[in-house]
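Enquirer: Would you mind keeping the following structure in view while I ask a few things?
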Amino acid sequence: MTPPACAPHSFATPAMAASKEGGEAEIVIDDDDDVIDILAEKRLLRQLDLRILPAVALMFILGGLAGNLGNAIILNADTGDSFLQVLHLSTHQFYAVAAASSLTTTLFQVPSIYMLKYFSPSYWLAFLMLGWGATLMVMAASKNYITTLLLRLLLGAFEAGVAPGVVYFSAFWYRCQERSLRIAFVYASGTLGGAFGVSIAYGVASLNGARGLEGWRWLFLIEGVPSCLLAILVYLFLPSFPETSSWLSPNDRALAIRRMKQESSKSLAHDKITWGGAKSTLKDGRLYLHYLLTMVSCIPPISLALFAPTIINELGYQGRNAQLFAVPPFAASFAATLGLSVVADKYRVWSMCCLVSYVIAGATFIVQGTLPPTAFKARYVLLCFGAMFSLIPVGPIPAWFTGNLRETNATTLAIAISSTFTIGGSVIAVFLYKLSDAPGYRTGHYTNGGILFFCAACIQMLRMIYKRRNRELQIGQDSWIV
């Protein structure tokens with residue numbers, strides 16, 4: 001199925017709709033009718049949100065738990081029982097372990113998108129969740145560097161298809177102007193996963209030594225079990241495609257299909273990707289600027305997800321308190337991301353919201369780098385604001401990107417390539433905050449600041465490209481989203 005581009009609504013007039021109890025209206029949509037009743041559509045959206053969003057949000061929350069090496073590093077370090085100390089990992093070995101998952105994610109991301117299309121989203125996403133939950137639990141039994149490295153490689157393979165799969169999946173069900181808030185909610189749920197992760201780590205610290213297991217082993221076990229359980233629910237209840245959704249009434253199913261056809265998508269779930277469509281996607285130059293933006297924009301959030309507890313540990317908050325004080329940046333990011341996504345969707349200003357957010361975030365990181373290491377409170381406040389504004393675009397960026405994908409059977413390829421580019425950013429993020437730069441971490445802060453300003457520049461360049469293309473449009477052609 002080709003994810004659709006944006007198109008305007010077409011609504012039924014009262015005369016076109018049959019009245020129902022409670023004042024709502026419903027129409028039967030046939031293949032020759034492009035009219036959609038606004039009340040029926042709102043009712044359908046409520047059904048879709050209740051069925052889809054909780055499941056995919058929980059997937060991202062648990063995915064945020066899976067990236068918990070930052071907590072394992074400092075968990076029970078004061079007693080010599082941390083992840084690094086027990087496994088006797090050097091700094092070089094730790095960075096290799098942290099980056100290992102990025103390697104396999106790079107290799108498996110594009111194939112995973114095609115597997116999602118082949119097996120259907122509910123089956124494939126459930127399999128990935130079961131795999132990463134089981135792998136995380138097995139990591140609790142790690143005894144040495146090699147075993148840990150291999151398990152991290154396996155973890156990356158299972159994680160590869162989740163983020164791009166959800167973006168691709170959302171385009172089967174939601175219009176362009178409906179995606180930003182929903183994608184933001186799902187992606188921001190990953191930041192809640194980070195917040196839950198540090199909260200869990202705070203509590204798990206007291207389990208250190210229980211039944212002969214260090215605290216970080218308990219952490220991996222406790223965070224792996226929910227993923228395995230949720231995989232069963234995803235398999236049973238997550239819908240795949242509108243045309244195969246038996247849980248919808250015939251009228252609602254027809255409405256779901258009609259909505260997406262109006263998004264300029266003439267193909268549905270069973271269309272095959274053609275070489276001609278793939279070639280046109282690979283030759284579209286402006287997409288590579290989108291790919292570059294996707295890659296660099298993920299560096300600051302990922303670096304903070306990995307190292308926020310470590311950075312906070314150098315701000316005067318030691319041991320369990322370092323984990324406790326890592327919660328507010330993630331919680332603030334979740335609230336701000338949803339708030340700005342509402343604005344972006346309502347006024348269709350996805351790119352401008354991202355541009356302003358990146359400029360503010362870049363400034364906070366630069367200022368952090370200039371402050372003395374002893375300015376604990378100021379650095380902590382700036383860290384919270386930096387995390388918040390660097391994460392705000394996680395919803396608007398994919399919505400803007402998918403909204404500007406034109407009618408082609410190779411849109412699947414464009415989303416997969418975009419997601420693959422994020423892996424380059426995740427590898428850079430692993431090495432951004434070096435332990436040798438403590439306590440100020442100036443190099444990491446300055447680098448993040450420069451990256452965020454570069455993101456703002458990329459967005460402005462894309463805005464200029466789309467403005468120029470809109471000036472060159474012929475009558476009747478769909479406009480590009482600036």
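1 is the number of the first residue of the sequence shown in UniProt numbering; add one for each residue after it.
We put the CB at the ideal spot given by N, CA and C, even for glycine.
Computed from a prediction, not measured in an experiment: that's the story for all the values here.
1. Roughly how many angstroms separate the alpha carbons of lysine 467 and glycine 276, rounded to a whole number?
2. Would DSSP call isoleucine 36 helix, strand or coil?
3. How long is the line joining the alpha carbons of threonine 13 and isoleucine 36, rounded to whole angstroms?
4. Please name the residue in Gln477, Phe431, Met461 whose C-alpha comes closest to that of histidine 92.
5. Mind checking glutamate 472: buried by the 16 CB within 10 Å criterion, or exposed?
6. Are there 16 or more other CB atoms within 10 angstroms of the CB of proline 300, so buried, or fewer, so exposed?
7. Thinking C-beta only, is leucine 151 closer than 8 Å to methionine 139?
8. Taking valine 418 as the reference, give the member of Leu282, Gly197, Val367 with the closest Cα.
9. Leaving out the 5 sequence neighbours to the left and right, which residues in its chain are closer than 6 Å to histidine 445 when beta-carbon positions are compared?
10. With a cut-off of 8 Å, do at least 3 Cβ pairs link the region 116-127 to the region 164-172?
11. Shorter than 8 Å from the beta carbon of phenylalanine 127 to some beta carbon of chain B?
12. Quick check: what's the CA-CA separation for leucine 268 versus threonine 244?
13. Report yes if the C-beta distance between valine 97 and leucine 89 is below 8 Å; otherwise report no.
14. If we count the other Cβ atoms within 10 Å of its Cβ and call it buried at 16 or more, is proline 396 buried or exposed?
15. Ordered along the chain, which non-local residues of its own chain (more than five positions away) have a Cβ less than 7 Å from that of tyrosine 187?
16. Within 10 Å of its beta-carbon, does glycine 449 have 16 or more other beta-carbons around it, so buried, or fewer, so exposed?
17. Ignoring anything shorter than 4 residues or poking outside the region 193-259, list the alpha helix (DSSP H) runs there in chain order.
18. Valine 482 by DSSP, collapsed to three states: which one?
19. Report the option in Val204, Ser341, Ala254 whose CA atom is closest to the CA atom of glutamate 41.
20. Going by DSSP, what residue range makes up the alpha helix (DSSP H) through arginine 463?
21. If you drop the 5 nearest sequence neighbours on each side, which residues of the same chain put their C-beta closer than 7 Å to that of arginine 217?
22. Does the beta-carbon distance from isoleucine 423 to threonine 105 come in below 8 Å?
23. For glycine 22, which residues in the same chain have their Cβ closer than 8 Å to its Cβ, ignoring the five residues on either side in sequence?
24. In whole angstroms, what separates the C-alpha of leucine 306 from that of glutamine 474?
25. Between which two residues does the alpha helix (DSSP H) harbouring isoleucine 475 extend?
26. I need the DSSP call for glycine 156, collapsed to helix, strand or coil.
27. Counting along the chain, where does the alpha helix (DSSP H) carrying leucine 435 start and finish?
28. Can you confirm whether the region 328-338 touches the region 378-389 when touching is taken to mean that 3 or more C-beta pairs between the two stretches lie within less than 8 Å?
29. Output the distance between the C-alpha atoms of glycine 440 and valine 234, rounded to the nearest integer angstrom.
30. Count the other CB atoms within 10 Å of the CB of isoleucine 415; is the residue buried (16 or more) or exposed (fewer)?
31. Using only alpha-carbon positions, find the residue among Gly197, Met295, Arg348 that is nearest to proline 309.
32. Could you have a look at glycine 23 and say whether DSSP puts it in helix, strand or coil?
Expert: Taking the geometry as given:
1. 27 Å
2. strand
3. Because the pLDDT at threonine 13 is just 34, under 50, the model does not fix this residue reliably, and the value given afterwards should be weighed accordingly. Approximately 9 Å, taken between the alpha carbons.
4. Phe431
5. exposed
6. buried
7. yes
8. The displayed chain sequence assigns serine, not valine, to residue 418. Comparing Cα positions, the closest option is Leu282.
9. Phe365, Gln368, Gly369
10. yes
11. Among the protein chains of the structure shown there is no chain B, as only one such chain exists.
12. With a pLDDT of only 45 at leucine 268, under 50, the local geometry of the prediction cannot be trusted, and no value is derived from it.
13. yes
14. buried
15. Phe60, Val394, Gly395
16. buried
17. 215-237
18. coil
19. Ala254
20. 442-471
21. Ala140
22. yes
23. Low local confidence applies: a pLDDT of 39 at glycine 22 is under 50, so the model's placement there is unreliable, with the coordinate-based value given in what follows. For glycine 22, where only same-chain residues beyond five positions count, there are no Cβ hits under 8 Å.
24. 48 Å
25. Careful: isoleucine 475 lies outside any alpha helix (DSSP H) and carries neither H nor E.
26. helix
27. Looking at the DSSP string, leucine 435 is not in any alpha helix (DSSP H), and its letter there is neither H nor E.
28. yes
29. 43 Å
30. buried
31. Gly197
32. Below a pLDDT of 50, predicted positions are generally treated as unreliable, and glycine 23, at 39, falls in that range; the measurement from the model is reported next regardless. If DSSP states are grouped into helix, strand and coil, glycine 23 belongs with the helices.
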